[in-house]
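Quick notes on the structure that follows.
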Amino acid sequence: MKLLRNLILPVLGVVLWEVFAIYLNNPVIIPKVESVLNVLLNPWTGILGTGNLIDNTLISIKRVISGFIVAALVAIPLGILMGYYSFVNDLFDTVIELLRPIPPLAWVPLALAWFGIGETSMLFIIFIGAFFPILINTISGVKGVPKPLIEAALTLGAKEKDILMKVVIPASSPSILTGLRVGAGIAWMCVVAAEMLPGSDAGLGYLIMYAYSLSRMDVVIAAMVIIGLIGLILDRGLRFIENRYFKWRTMMK
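Just so you know, the working numbering puts the end of the sequence shown at 364, numbered straight through with nothing missing.
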């Protein structure tokens with residue numbers, strides 16, 4: 112029953128899409144569903160001289176994973192330190208709050224100036240997009256650890272390192288995981304923008320822009336569908352981990 116409810120809006124959207132496509136009869140504005148399916152069901156076929164859909168998808172996935180992992184490796188330890196030690200929070204908080212509202216795309220000119228045209232600039236934009244959601248959720252999770260847990264550990268003679276590793280980090284893990292979910296979604300948004308930068312010649316973002324320049328909206332929408340599906344799978348995977356290993360969080364509410 113739940114699966115049926117989840118499918119109602121997507122199916123309705125596809126039906127309306129096909130109705131409008133038939134009514135307008137203009138593939139430059141909105142292609143028919145079968146045109147997009149033809150692209151999706153032939154992922155190994157070359158597209159517009161830019162490689163095939165599988166190759167471009169794998170390139171984008173590699174970029175997202177690389178930027179996302181670096182962002183997590185920096186944001187999680189920093190967030191734990193900022194959440195637990197007030198002096199570290201005081202040291203970084205102003206800078207973080209100044210930089211956090213700046214959209215990732217606003218960093219594009221600096222990325223090109225610092226790293227030049229190429230892969231590093233793209234990874235930097237993805238890193239920026241994923242970094243702040245992970246950091247803020249980690250800080251919030253650590254600050255939200257119930258003080259009685261820490262006090263109980265101190266009473267039992269736990270050292271500060273043990274408190275961090277055995278109390279603070281486990282208790283804040285659900286919030287950290289939420290930050291990873293949000294960061295992963297934004298990383299996918301950023302990779303599309305990053306692949307539209309000068310010097311990019313592959314990836315789903317590049318494919319979207321190149322197909323648009325040739326008025327191939329079927330390819331544009333096919334690439335968008337792939338991005339949406341990958342984002343959905345990634346989110347569901349992280350949500351599965353959250354539901355399986357952090358059920359105690361909902362039980363405590």
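Glycine residues also receive a C-beta, built at the ideal position from the N, C-alpha and C atoms. Just so you know, these numbers come straight off a predicted model, no measurement behind them.
Roughly how many whole angstroms lie between the Cα atoms of residue i and residue j?
{"i": "Thr361", "j": "Glu353", "result": "Any reading at Thr361 must be qualified, since the residue scores a pLDDT of 47, below 50, and its modelled position is unreliable; the value itself is stated next. Distance between the alpha carbons of Thr361 and Glu353: 10 Å."}
{"i": "Ser177", "j": "Ile297", "result": "14 Å"}
{"i": "Val279", "j": "Gly310", "result": "44 Å"}
{"i": "Ala282", "j": "Phe203", "result": "23 Å"}
{"i": "Ile165", "j": "Leu152", "result": "11 Å"}
{"i": "Tyr323", "j": "Ile191", "result": "43 Å"}
{"i": "Met363", "j": "Leu275", "result": "Model confidence at Met363 stands at a pLDDT of 45, short of 50, so the residue's coordinates are unreliable; what they give is reported in the following sentence. Roughly 21 Å separates the two Cα atoms."}
{"i": "Leu127", "j": "Ile332", "result": "15 Å"}
{"i": "Leu345", "j": "Leu115", "result": "21 Å"}
{"i": "Asn117", "j": "Val303", "result": "26 Å"}
Going by other Cβ atoms of all chains shown within 10 Å of its Cβ, with 16 needed for buried, is residue i buried or exposed?
{"i": "Glu306", "result": "buried"}
{"i": "Pro215", "result": "buried"}
{"i": "Arg350", "result": "exposed"}
{"i": "Val122", "result": "exposed"}
Output the boundary residues of the alpha helix (DSSP H) element that contains residue i.
{"i": "Tyr323", "result": "315–324"}
{"i": "Leu223", "result": "219–226"}
{"i": "Met300", "result": "280–305"}
{"i": "Gly157", "result": "Note, Gly157: premise wrong, no alpha helix (DSSP H); not H, not E."}
{"i": "Asp312", "result": "First-last for Asp312: undefined, no H or E at that position."}
{"i": "Ile169", "result": "Ile is not the amino acid found at residue 169; the sequence shown has Leu there. Segment 164–195, the alpha helix (DSSP H) holding Leu169."}
{"i": "Ile236", "result": "230–254"}
{"i": "Ile274", "result": "271–274"}
Rounded to the nearest angstrom, how far is the Cβ of residue i from that of residue j, given a contact under 8 Å?
{"i": "Ile141", "j": "Phe131", "result": "6 Å"}
{"i": "Phe226", "j": "Ala182", "result": "Between Ala182 and Phe226 the Cβ distance is about 16 Å, and since that is not below 8 Å, they are no contact."}
Residue i and residue j: beta carbons closer than 7 Å?
{"i": "Ile245", "j": "Gly294", "result": "yes"}
{"i": "Ile207", "j": "Thr249", "result": "no"}
{"i": "Ser326", "j": "Val185", "result": "no"}
{"i": "Arg211", "j": "Phe243", "result": "yes"}
{"i": "Ile158", "j": "Val336", "result": "no"}
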